[in-house]
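Here the structure comes first, spelled out in structure tokens, and everything after it is commentary.
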Amino acid sequence: MALDSARLKAYLRLIPILFVCYIIAYIDRNNVAIAKLTMEEDMPAFDAAVFGFGGGIFFLGYFLLEIPGSLIVERWSARKWICRIMVTWGIMAAMTAFVTTPMQFYQVRFFLGVAEAGFFPGVIVYLSHWFTQKDRARAISYFLIASPVAMIIGPWVSQWFIDIGRTVIVNGETISYPLVLGLKGWQWIYIIWGIPAVLFGIYVLFGLTDRPSQASWLTSQERDALESELAREKELHLKKGHMSVLQALSSPKVLLLSAAYFGIVTANYGIELFLPSVFKEWYPELGPSKIAQLVMIPSLLVIPGQLFIGWSSDRFQERRWHSVVPVIIGAIFLVLATQTRGSLWATILCFTVAAAGMKSYMPAFWALPSLFLTASAAAGSVGMINSVGNLGGFLGPFVMGKVQQTLSSYHYGLLFLAITSTLSALLISMLPFRRAGALDDQD
């Protein structure tokens, strides 16, 4: 009874805070996709290749501190580290509003990645301090649905700012929107999303609790019950044999998961950072505000998809195929999307199912490392998987931008993304099994 009560309180206390943090992070990372629609009007040098490289270079900076960041959460303090991350990324996100050259854009995006590094794997490690393997995929799924929610909230809010300082034609009538404080709409998009990161980062210091033993909002019985359950699970892992951080990082399973995540992230960020531009190319009659509204739609199916996969994966204690099947479905519909140009609602349908597939796998996927690794080793491996994988966040946008610049079309770029995600699904399917939900101990 005390354990069930502690689990419920942990869900209600911690997940909402982490949820909001990830919404802000995801919007600050990806709002360049919407800002690009009018940013390139003011700065002609900012073509698709510039945005592709700038959008992707974020992940090169992100790569540098991922493993150290996740280890800091394991060995020091999640709330202090997340506070540091959010304050610095909020500042860097807002500074994007004032770039005037491609080089400045690259620099700000790179340091935004450095600032945010460690947040995502740190949260995954932090959740392992509070939730046992039985509940972890569901807890991760609750956290991860922040990304599709962000892909809805971000464009919805940004559409109200995108036309500031522009002259547009609406129903044959010319409307001029004045500047606000001398700034255009794309600049305000960066600023209005940078400020919440700083403010909420400070709040995290007081809202999060690092470990159950420090939780004043749990009764002594609840603390003891939760800590005992977590300790029991940790002891079971230790009996299987201790694996050091270095051993974990060189484990074939960790390397395989890193490569698999690389391919999926390549596809995800190639789509996310260029979907508004795809709509603009395929349907030039649509204005920036309308496009911002349409790109919210694909995320609507991601939310129930992630919740279902998280629930089903925990229900059947199975991780591998709950990761593989959604990605394959996403890749199929991404290929179909390339054939829908000229049919707006067919385009939306295909991108919606593709997005759902390429996001829904995540709760099951991120529950995999803790199946075969102990605390510090799992922390290091999660950092490595995320950092190596997120280099795909550079490759996807870079290829999309280069392909569009070279061929004046996004068609082959989208096919490339479908191929990388399919290869990722095949890699995950190669994970060895001992029983449902568990990986073979043999490397």
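The C-terminal position of the sequence shown is numbered 452 in the numbering used here, with every residue numbered one higher than the one before it.
Glycine included, C-beta positions come from ideal geometry on N, C-alpha and C.
**Study point:** Close beta carbons around A364, own chain, < 6 Å, minus the five adjacent residues each side
**Key:** P307, V311
* **Three-state secondary structure assigned by DSSP to I171** => coil
Does the region 396-415 come within contact of the region 278-288, defined as at least 3 CB pairs closer than 8 Å? yes
- Select from G174, H138, E231, V287 the residue whose C-alpha is nearest the C-alpha of L239. H138
Under the three-state reduction of DSSP, which class applies to V189: helix, strand or coil?
-> strand
>> Tell me which residues share the same chain as P221 and place their Cβ nearer than 6 Å to its Cβ, disregarding the 5 neighbours each side in the sequence.
In response: R232, L235, E236
- Query: Using a Cβ-Cβ cut-off of 6 Å (strictly less than) and excluding sequence neighbours within five positions of S438, which residues of its own chain qualify?
  - Reply: V333
task = State the CB to CB distance for the pair V29 and F209, rounded to an integer number of angstroms; the pair is presumed to be in contact (CB under 8 Å).
result = 6 Å
* For the beta strand (DSSP E) holding I178, just list the boundary residues, first then last. => 176-179
- Check whether the Cβ atoms of A54 and Y199 lie closer than 9 Å to each other. no
| task | Tell me whether the beta-carbon of I273 lies closer than 9 Å to the beta-carbon of S430. | result | yes
Which runs of the alpha helix (DSSP H) fall wholly inside the region 297-339 and span at least 4 residues, in chain order?
297-303, 308-325
Smallest Cα separation from W375: which of A159, A269, L309, S417? A269
For the structure I just gave you, are there three or more beta carbon pairs, one from the region 118-132 and one from the region 95-103, closer than 8 Å? yes
| said: Considering just the uninterrupted stretch of the alpha helix (DSSP H) at F120, what are its terminal residues? | reply: 111-125
### Boundaries (first-last residue) of the alpha helix (DSSP H) holding M10
Run containing M10: none; DSSP gives neither H nor E here.
May I ask you to report which of helix, strand or coil DSSP gives E294?
-> coil
(Q) Using CA atoms only, rank isn't needed, just tell me which of L17, P297, P372, Q142 is closest to W195. (A) P297
- For L353, I'd like the list of residues in its chain whose CB is within less than 7 Å of its CB, leaving aside the five on either flank, ordered along the chain. Y292
Checklist line | Among A44, I337, L12, G61, nearest to K411 - alpha-carbon criterion | finding: G61
Inset, instruction - Determine the contact status of L309 and T349, defining contact as a CB-CB distance below 9 Å. - result: no
Notebook entry, point to check: Roughly how many angstroms lie between the CA atoms of L73 and N399, to the nearest whole one?
Noted result: 11 Å
W226 burial status per 10 Å Cβ neighbour count (16 or more: buried): exposed
Could you check how far apart the C-beta atoms of A148 and I32 are, in whole angstroms? I think they sit under 8 Å. About 17 Å; that fails the 8 Å criterion.
To which residues does DSSP link E182 through a beta bridge?
V179
Given this structure, state the Cα-to-Cα distance separating A445 from G392, to the nearest angstrom. Note on A445: pLDDT 42, under 50, position unreliable in the model; no value is reported.
Per DSSP, what kind of secondary structure is V166 in: helix, strand or coil? helix
R145 (DSSP reduced to helix, strand or coil): helix
- Where do the N-terminal and C-terminal ends of the alpha helix (DSSP H) with R220 fall, by residue? Where R220 is concerned, there is no enclosing alpha helix (DSSP H), given that its DSSP letter is neither H nor E.
- Message: My assumption, with CB atoms under 8 Å, is that I338 sits in contact with S167. Please give the rounded CB distance.
- Response: Wrong, their Cβ atoms sit about 29 Å apart, outside the cutoff.
Between the CA atoms of P441 and G319 - distance to the nearest angstrom: 21 Å
Task: Residue from Y421, H420, I428, L377 with nearest C-alpha to V367 - done: The question names Val, but residue 367 is Met in the sequence shown. Of Y421, H420, I428, L377, the residue nearest in Cα terms is I428.
Exercise for the section: State the DSSP-derived secondary structure class of G351, mapped to helix, strand or coil. Expected result: coil
To the nearest angstrom, how far is it from the Cα of F425 to the Cα of Y419? 10 Å
Practice prompt. Would you mind giving the Cβ-Cβ distance between D172 and A87, rounded to the nearest angstrom? I have them listed as a contact below 8 Å.
Written response: With a Cβ gap of about 40 Å, D172 and A87 do not count as contacting.
#### Entry: Sequence-distant residues of its chain with Cβ nearer than 8 Å to P205 (five each side left out)
I33, G99
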